[in-house]
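Asks: Each protein sequence line maps, in turn, to chains A and B.
Per my numbering, the very first residue in the first sequence carries number 7; after that it's consecutive.
Per my numbering, the very first residue in the second sequence carries number 2; after that it's consecutive.
By construction, the Cβ of each residue, glycine as well, lies at the ideal position given by its N, Cα and C atoms.
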Amino acid sequence: MEAIVRQFFNFAIMEEAFPLIATGLTQTIVICLIVIPLGLAGGLAVALASLSRRRLVRWTVIAGIDFFRSIPPLVLLIFVYAGLPFAGLRLSPMTAVAIAFFLNTSSYYSEVYRAGIESVGLGQWDAARSTGLRAYQTLAYVVLPQAVRNVLPDLLSNTVEVVKLTSIASVVALPELLYSADMARSVTFNSSPIVLAGAFYLIMLWPIVRLISRLERRIAT
Amino acid sequence: MEAWPRFTETFFKWSVIVHYCPAIANGVVVTVEIAVAVVITGILLGIVLAFVRAFRVLAINALIVVFVDMLRALPPLVLILLVYFGLPSVGIRLSSFAVLWLVLALVLAAFAEEIFWAGILSIPKGQWEAARSTGLGFLGTLAYVVLPQAIRLTVPPLTNRTIAITKNTALGTVIGVGEILNQATTAESFSGNATPLMMGAIAYVLLFLPVVALGRFLETRFAWRRV
Numbered sequence: 007m008e009a010i011v012r013q014f015f016n017f018a019i020m021e022e023a024f025p026l027i028a029t030g031l032t033q034t035i036v037i038c039l040i041v042i043p044l045g046l047a048g049g050l051a052v053a054l055a056s057l058s059r060r061r062l063v064r065w066t067v068i069a070g071i072d073f074f075r076s077i078p079p080l081v082l083l084i085f086v087y088a089g090l091p092f093a094g095l096r097l098s099p100m101t102a103v104a105i106a107f108f109l110n111t112s113s114y115y116s117e118v119y120r121a122g123i124e125s126v127g128l129g130q131w132d133a134a135r136s137t138g139l140r141a142y143q144t145l146a147y148v149v150l151p152q153a154v155r156n157v158l159p160d161l162l163s164n165t166v167e168v169v170k171l172t173s174i175a176s177v178v179a180l181p182e183l184l185y186s187a188d189m190a191r192s193v194t195f196n197s198s199p200i201v202l203a204g205a206f207y208l209i210m211l212w213p214i215v216r217l218i219s220r221l222e223r224r225i226a227t
Numbered sequence: 002m003e004a005w006p007r008f009t010e011t012f013f014k015w016s017v018i019v020h021y022c023p024a025i026a027n028g029v030v031v032t033v034e035i036a037v038a039v040v041i042t043g044i045l046l047g048i049v050l051a052f053v054r055a056f057r058v059l060a061i062n063a064l065i066v067v068f069v070d071m072l073r074a075l076p077p078l079v080l081i082l083l084v085y086f087g088l089p090s091v092g093i094r095l096s097s098f099a100v101l102w103l104v105l106a107l108v109l110a111a112f113a114e115e116i117f118w119a120g121i122l123s124i125p126k127g128q129w130e131a132a133r134s135t136g137l138g139f140l141g142t143l144a145y146v147v148l149p150q151a152i153r154l155t156v157p158p159l160t161n162r163t164i165a166i167t168k169n170t171a172l173g174t175v176i177g178v179g180e181i182l183n184q185a186t187t188a189e190s191f192s193g194n195a196t197p198l199m200m201g202a203i204a205y206v207l208l209f210l211p212v213v214a215l216g217r218f219l220e221t222r223f224a225w226r227r228v
């Protein structure tokens, strides 16, 4: 028991590692502020393309979505960060993360949006168009607000996944939350910094996870 | 015309492909082994937890909810590093393969429990009452009436979640599990060429594209039936 406390809940070490881990936390938040809006915007664009009336466009886009959903994000990230330099394209860790995350998360977000848009009845389109709204206005003022509300739990849970996913940026030496914690761990030979980082993830994400559970239950009944 | 040869030389160099094919194939075997172990144990544990939760014992349910929430909120890589580097110093020594399997199975169990529980809740109360009135006990009702219906509802979300978590086997490379990504990055640094990374990516697509397509099929099929 004492060994567990010393190894995982060593407050002296946590205190020492705190400044480093706090800068990591800032970096994680910066990554989130870049990749979440990119993924939300890219996902919407991809979703609209995947609902195209042209069969060729639709199938190409859906094949692309499934392609990027079948590659683990870490593989994508390492490919972009370590593979592209061989072709003469050297990217900073942050750019590599932004590109790899964009490809991965916009595929996942697009599926959520698509389910949402499909859940809004066609009659809504017809009614909105007949009032004189243009197609893009119908989409922006009538369909999307309802679509987003219908799939809000999925949008949120996808966003939680994106925030969790930022931890893989540590593999390409981007000094985010997990990277800083792991640096402190390798210096102190003690796991308490990782526990502290975990606590930060919990503080950020636990409330959202709880909220998702509630929203899902409400929609189920 | 310069660009194309350079591209193939960088990402599809034939001599590199031939030389590292066995290594990547080994990686595929390891990935499939972990994936199968994670899927079976994770989903079974998820069912057991949901089953236990159905008894609605307050203290036990609180524990289950805390377990599930924590595993849903923590990045799997945090858990992997915690278990891999932390447990040996408290006297528990696990291979990196076992650590990856343990963490991913627990994460899948947490998500699966949540999905099964939502499925159980979605079965109308009348089903419980009708089953009980035929003389079935609580256990019989749960096992023969509620769970069979609940599990059917959970197939599409569970498939997608299982795929996402199984893809996390790539995280094993961080602690040195010899799965596809690990073999690919090792081969890349030995050969000084990006071809092995391309091979790894293609291996993942070959492995996972069929299941992703299956998930899409299940989703549309079940959505159609519900309406």
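1) Give me the Cα-Cα distance between A:Leu31 and A:Leu44, rounded to the nearest whole angstrom.
2) Name the residues in the segment 23–55 of chain A whose C-beta lies less than 9 angstroms from a C-beta of chain B; which are they?
3) Would you give the residue range spanned by the alpha helix (DSSP H) that A:Tyr119 belongs to?
4) For B:Arg133, report the span of its alpha helix (DSSP H) as first-last.
5) Consult DSSP for A:Pro43 and reduce its assignment to one of helix, strand or coil.
6) Between B:Phe191 and chain A, is the shortest Cβ-Cβ distance under 9 angstroms, so that the two count as touching?
7) Hey, A:Ser192 and B:Gly87 are a contact pair by Cβ (cut 8 angstroms); roughly how many whole angstroms apart?
8) How many Å lie between B:Arg226 and A:Gly138 at the Cα?
9) Taking just the CA atoms, how far does A:Leu161 sit from A:Leu57?
10) What's the gap between the Cα of A:Thr172 and the Cα of A:Thr34?
11) Please specify which runs of the alpha helix (DSSP H), each continuous and at least 4 residues long, are wholly inside the segment 42–128 of chain B, giving them in chain order.
12) Helix, strand or coil: how does DSSP classify B:Gly173 here?
13) Within this structure, are the beta carbons of A:Ala53 and A:Arg64 separated by less than 9 angstroms?
14) Taking contact to mean 3 or more Cβ pairs, one atom from each stretch, closer than 8 angstroms, check whether the segment 52–64 of chain B and the segment 205–215 of chain B are in contact.
15) Taking the straight line between their C-alpha atoms, what separation do you get for A:Glu21 and A:Ala205?
16) For B:Leu46, which residues of its own chain have a beta-carbon under 6 angstroms away from its beta-carbon, when the five flanking residues on both sides are left out?
17) Pull up the distance between the alpha-carbon of B:Thr174 and that of B:Leu182, whole angstroms please.
18) Could you spell out where the alpha helix (DSSP H) holding A:Val81 opens and where it closes?
19) Measure how close the beta-carbons of B:Ile81 and B:Ile152 come, nearest whole angstrom, since I'm counting them as under 8 angstroms.
20) Please report the distance separating the alpha-carbon of A:Leu39 from that of B:Val146.
21) Assign A:Arg120 to buried or exposed, taking buried as 16 or more other Cβ atoms, counted over all protein chains shown, within 10 Å of its Cβ.
22) Whose C-alpha, out of A:Thr144, A:Asn164, A:Val11 and A:Trp212, is nearest the C-alpha of B:Ser90?
23) Quick check on this structure: which residue in B:Leu78, B:Ser123 and B:Val108 has the alpha carbon closest to the alpha carbon of A:Ile174?
24) Which residues of chain B have a Cβ atom closer than 9 angstroms to the Cβ of A:Asp132, listed in chain order?
Replies: Quick answer:
1) 20 angstroms
2) Listed by position along the chain: nothing, the set is empty.
3) For A:Tyr119, the enclosing alpha helix (DSSP H) stretches over residues Pro99 to Ser125.
4) Lys126 to Ser134 is the extent of the alpha helix (DSSP H) around B:Arg133.
5) Annotated three-state conformation of A:Pro43 is helix, per DSSP.
6) no
7) A:Ser192 to B:Gly87, Cβ: 13 angstroms. No contact.
8) Because B:Arg226 carries a pLDDT of 45, less than 50, the predicted location of this residue cannot be relied on, and the following value inherits that uncertainty. Straight-line Cα distance between these residues: approximately 35 angstroms.
9) 18 angstroms
10) For A:Thr172 and A:Thr34, the distance between alpha carbons rounds to 7 angstroms.
11) With a minimum length of 4 residues, the continuous alpha helix (DSSP H) runs that stay inside the segment 42–128 of chain B are 59–74, 77–87 and 97–122.
12) helix
13) Between A:Ala53 and A:Arg64, the C-beta spacing is not below 9 angstroms.
14) no
15) 14 angstroms
16) Ala110
17) 6 angstroms
18) Residue range Pro79 to Ile84 is occupied by the alpha helix (DSSP H) that includes A:Val81.
19) Not quite, the Cβ-Cβ distance comes to about 29 angstroms (not below 8 angstroms), so this is no contact.
20) Rounded to whole angstroms, A:Leu39 to B:Val146 spans 46 angstroms at the Cα level.
21) buried
22) In terms of CA proximity to B:Ser90, A:Val11 leads the group A:Thr144, A:Asn164, A:Val11 and A:Trp212.
23) B:Leu78
24) Within chain B, no residue comes near A:Asp132; the closest Cβ sits about 19 angstroms away, beyond 9 angstroms.
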